[in-house]
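Encoded as structure tokens, the structure appears first; notes follow it.
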Amino acid sequence: MKRSLLIVLLSLIVVRAGYAGVLPEDRADVLVHSYDGGGVTIQGPSLLVRKQFAQKFSVSANHYVDKVNSASIDVVTTASPYKEERTQNSLGLDYLHDRWTMNIGFTNSEENDYSADTFNFGISQDIFGDLTTVSLGYSLGNDVVGRRGDANFREETQRQNYRLGLSQILTKNLLVGLSFETITDEGFLNNPYRQVRYLDPTTPQGYSYEREIYPRTRSSDAGSIRMRYYMPWRAALYADYRKYGDTWDIQADTFEIGYEHPIDLGWTFEGKFRTYSQNHADFYMDLFPRSQYQNFIARDKELSTFTSQSIRLGATYDIMRGGWKFVDRGTLNVILDHMMFEYEDFRDLRVTGVTPGTEPLYSFDANVLQVFVSFWF
Amino acid sequence: MAPRSSPFARLLLLAAAGLAVGGCSIEPWVKPYERDHLADPIMSFDRDPVSSAYTGHVYEAREGARGATGGGGGGCGCN
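The listed protein sequences derive, respectively, from chains A and B. Under the numbering used here, the first residue of the first sequence carries the number 1, and numbering increases by one thereafter. Under the numbering used here, the first residue of the second sequence carries the number 378, and numbering increases by one thereafter.
And the structure:
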């Protein structure tokens, strides 16, 4: 059904092509990222280069690494701290023809127990005197899931994303964007290591663990609206809202509001507040009444009921005003996000000696730092 | 669990209808020479793709919700 709709819409966009669009700018970014929170540290680089050629094409390449050191709440209560590395490489190509732009891309992600290949296709067109940009996208991902220490374990997952976007100039100072995305998954969707706990009076602590069991399908719909407003004193005020729902009964709301303010001497400062809330999946429980309580069982805190708030502070400095050799301009950027997670039905099992199910609720804070330089050429 | 396609399908059809009947003849109410504010880099929805892709990954790995963030999407290799 969705595939046929996509084909119909793509055909219409191609037929209506006629205006001149624009390709993304030529630029190179070198970023170093660091996440520290909840007993987990993740660091690594991300390199992104984009270059136009033959006036109609733009090619992009990204190399990204996560170096993970994990002693998370799940790990310290049911396993041993571990280190691992994930490497992701992407290649993309954009093609511009009159008013429409087409892009294709491929991404490979590898870690010692997980491999993911994703193919992307997208098309966009400027219409209504270039006041409106409509875009469509499709992704197909194939993952292979392994389990360390178990050479016989091999599972697969297939993921499909369908995206529709609309960007609209409303006034001389106001931009609005709408996005809708449906994602369908099929295959092995849980973490092969994570466990649930259930009441077991035969143990000293009063509970035992067993492996999670997830449904083998998931389908989600998300819709968002974004706006950006140009303030009279050269600054931008922006706000986003996203509504989410899926077949696992998770409903979520995301809201953020931010402000960007350039000042003389080449500085731009940014502040942002983001809030997120979700309710738990219908097969999630912190403590199941007994072993194999139901067909599907999960105790992943990302499927629990929780809220998170984030505060961002960022600064950008123009380091090459006027350019240098073949570089037109450059920026140095520092962004810090402070995130606070509070769980409403996920308990802190590092606390022992109490009646099962009465442990304190878990919460943690995380700091996420990005430092990067960007060059336009 | 079949995909819940009806709201999304309706939106796609609506967009297709809009493209089919709309098009290039509409007079833009914000003229090209009035778009200098909108062309300012601070008005970009995605000023630094390398940073927004990373930020999206940080959230997606820790939250149940996913999608409709305005980016290109793709696999994050995490479950």
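For glycine and all other residues, C-beta sits at the position ideal for the given N, C-alpha and C. Everything numeric in this text was worked out from a predicted model, so none of it was measured.
DSSP three-state assignment for residue i, whether helix, strand or coil
{"i": "B/Asn456", "result": "The predicted position of B/Asn456 is uncertain, since its pLDDT is 41 and thus under 50; a value taken from the coordinates is nonetheless stated next. Reduced to three states, the DSSP call for B/Asn456 is coil."}
{"i": "A/Leu5", "result": "Residue confidence is low: A/Leu5 scores 47 on pLDDT, short of 50, so the model does not pin down where it sits. Its coordinate-derived value is still stated next. It is helical."}
{"i": "A/Ala23", "result": "Checking the displayed sequence, the identity of residue 23 of chain A turns out to be Leu instead of Ala. Reduced to three states, the DSSP call for A/Leu23 is coil."}
{"i": "B/Pro418", "result": "helix"}
{"i": "A/Val371", "result": "strand"}
{"i": "B/Glu404", "result": "coil"}
{"i": "B/Glu440", "result": "coil"}
{"i": "A/Asp240", "result": "strand"}
{"i": "A/Glu256", "result": "strand"}
{"i": "A/Asp365", "result": "strand"}
{"i": "B/Tyr410", "result": "helix"}
{"i": "A/Ile169", "result": "strand"}
{"i": "A/Trp376", "result": "strand"}
{"i": "A/Ala17", "result": "Confidence at A/Ala17 is low in this model, with a pLDDT of 36, below 50, so its placement is unreliable and the value that follows should be read with caution. Residue state, collapsed to three classes: coil."}
Residue span of the alpha helix (DSSP H) that contains residue i, given as start and end
{"i": "A/Thr352", "result": "A/Thr352 -> no alpha helix (DSSP H), and no H or E assigned at all."}
{"i": "B/Pro426", "result": "Pro426 to Glu437"}
Member of the options whose CA lies at the smallest distance from the CA of residue i
{"i": "A/Gly372", "options": "A/Tyr230, A/Thr316, A/Asp36 and A/Gly223", "result": "What sits at residue 372 of chain A in the sequence shown is Phe, not Gly. Considering only alpha carbons, the answer is A/Thr316."}
{"i": "A/Tyr214", "options": "A/Thr182, A/Leu265, A/Ser70 and A/Asp300", "result": "A/Asp300"}
{"i": "A/Arg347", "options": "A/Val49, A/Thr358, A/Asp337 and A/Gly21", "result": "A/Thr358"}
{"i": "A/Glu270", "options": "A/Ala236, A/Met320 and A/Asn279", "result": "A/Ala236"}
{"i": "A/Val22", "options": "A/Val40, A/Lys56 and A/Asp29", "result": "A/Lys56"}
{"i": "A/Lys29", "options": "A/Glu344, A/Leu332, A/Gly353 and A/Ser363", "result": "One detail in the question is off: residue 29 of chain A reads as Asp in this sequence, not Lys. Closest by alpha carbon: A/Leu332."}
{"i": "A/Ser167", "options": "A/Gly149, A/Gly129 and A/Asp150", "result": "A/Gly129"}
{"i": "A/Tyr114", "options": "A/Thr87, A/Leu136 and A/Gly122", "result": "A/Thr87"}
{"i": "A/Phe283", "options": "A/Tyr276, A/Glu111 and A/Gln292", "result": "A/Gln292"}
{"i": "A/Tyr276", "options": "A/Ile257, A/Arg228 and A/Asp264", "result": "A/Ile257"}
{"i": "A/Gly245", "options": "A/Leu336, A/Ala281, A/Leu93 and A/Val68", "result": "A/Ala281"}
{"i": "A/Glu186", "options": "A/Phe180, A/Gly177, A/Thr217 and A/Phe121", "result": "A/Thr217"}
{"i": "A/Asn103", "options": "A/Leu174, A/Glu110, A/Ser139 and A/Ser72", "result": "A/Ser139"}
{"i": "A/Gln43", "options": "A/Gln52, A/Lys51 and A/His33", "result": "A/His33"}
{"i": "A/Trp267", "options": "A/Phe255, A/Val334 and A/Glu110", "result": "A/Val334"}
{"i": "A/Asn120", "options": "A/Glu260, A/Gly322, A/Ile297 and A/Gly137", "result": "A/Gly137"}
{"i": "A/Pro380", "options": "A/Gly314, A/Arg290 and A/Asn295", "result": "Residue 380 of chain A is absent from the model: chain A starts at 1 and stops at 377."}
{"i": "A/Gly149", "options": "A/Phe180, A/Asn112 and A/Thr133", "result": "A/Asn112"}
{"i": "A/Gln125", "options": "A/Asp117, A/Leu91 and A/Val134", "result": "A/Val134"}
{"i": "A/Thr247", "options": "B/Gly447, B/Thr446 and B/Ala442", "result": "B/Ala442"}
{"i": "A/Ser72", "options": "A/Gly330, A/Asn89, A/Leu170 and A/Glu302", "result": "A/Glu302"}
{"i": "A/Arg159", "options": "A/Leu178, A/Ile183 and A/Gly177", "result": "A/Ile183"}
{"i": "B/Arg412", "options": "A/Phe306, A/Thr157 and A/Leu170", "result": "A/Leu170"}
{"i": "A/Val354", "options": "A/Pro204, A/Thr118 and A/Tyr64", "result": "A/Pro204"}
{"i": "A/Glu342", "options": "A/Val327, A/Gly322, A/Arg321 and A/Ala366", "result": "A/Ala366"}
{"i": "A/Phe375", "options": "A/Pro356, A/Phe288, A/Val327 and A/Val75", "result": "A/Val327"}
{"i": "A/Phe306", "options": "A/Thr118, A/Ser220, A/Arg154 and A/Asp253", "result": "A/Asp253"}
{"i": "A/Ile319", "options": "A/Arg329, A/Ser310 and A/Arg312", "result": "A/Arg329"}
Unbroken beta strand (DSSP E) run spanning residue i, endpoints
{"i": "A/Glu181", "result": "Leu174 to Gly187"}
{"i": "A/Tyr276", "result": "Trp267 to Gln278"}
{"i": "A/Tyr209", "result": "Tyr207 to Arg211"}
{"i": "A/Asn191", "result": "It is not in any beta strand (DSSP E) - A/Asn191 carries neither H nor E in the DSSP assignment."}
{"i": "A/Ile250", "result": "Where A/Ile250 is concerned, there is no enclosing beta strand (DSSP E), given that its DSSP letter is neither H nor E."}
{"i": "A/Gly223", "result": "Thr217 to Met231"}
{"i": "A/Ala116", "result": "Tyr114 to Ile127"}
Whole-number beta carbon distance between residue j and residue i, since they are thought to touch under 8 Å
{"i": "A/Leu361", "j": "A/Thr77", "result": "Rounded, the Cβ-Cβ distance is 15 Å, inconsistent with contact."}
{"i": "A/Tyr386", "j": "A/Leu199", "result": "The shown model of chain A, from 1 to 377, leaves out residue 386 of chain A, and the question about it has no answer."}
{"i": "A/Met339", "j": "A/Ser308", "result": "6 Å"}
{"i": "A/Gln278", "j": "B/Glu440", "result": "7 Å"}
{"i": "A/Phe273", "j": "A/Gly37", "result": "So it is not a contact: roughly 18 Å between Cβ atoms."}
{"i": "A/Tyr230", "j": "B/Asp417", "result": "7 Å"}
{"i": "B/Met420", "j": "A/Arg228", "result": "5 Å"}
{"i": "A/Ala61", "j": "A/Leu91", "result": "6 Å"}
{"i": "B/Ser428", "j": "A/Leu31", "result": "7 Å"}
{"i": "A/Lys51", "j": "A/Asp26", "result": "5 Å"}
{"i": "A/Gly223", "j": "A/Phe180", "result": "5 Å"}
{"i": "B/Val407", "j": "A/Lys172", "result": "6 Å"}
{"i": "B/Gly433", "j": "A/Gly165", "result": "Actually they are not in contact, since the Cβ atoms of B/Gly433 and A/Gly165 sit about 15 Å apart, beyond 8 Å."}
{"i": "A/Ala298", "j": "A/Glu212", "result": "5 Å"}
(request) Within the stretch 283-345 of chain A, note down every full alpha helix (DSSP H) run reaching 4 residues or more, in order along the chain. (result) none
(request) Quick one: which unbroken beta strand (DSSP E) runs of 3-plus residues sit fully inside the stretch 130-161 of chain A? Chain order, please. (result) 132-146
(request) Can you check the stretch 29-111 of chain A for any beta strand (DSSP E) of at least 3 residues that lies completely inside it and give the ranges in chain order? (result) 40-53, 57-70, 82-97 and 100-111
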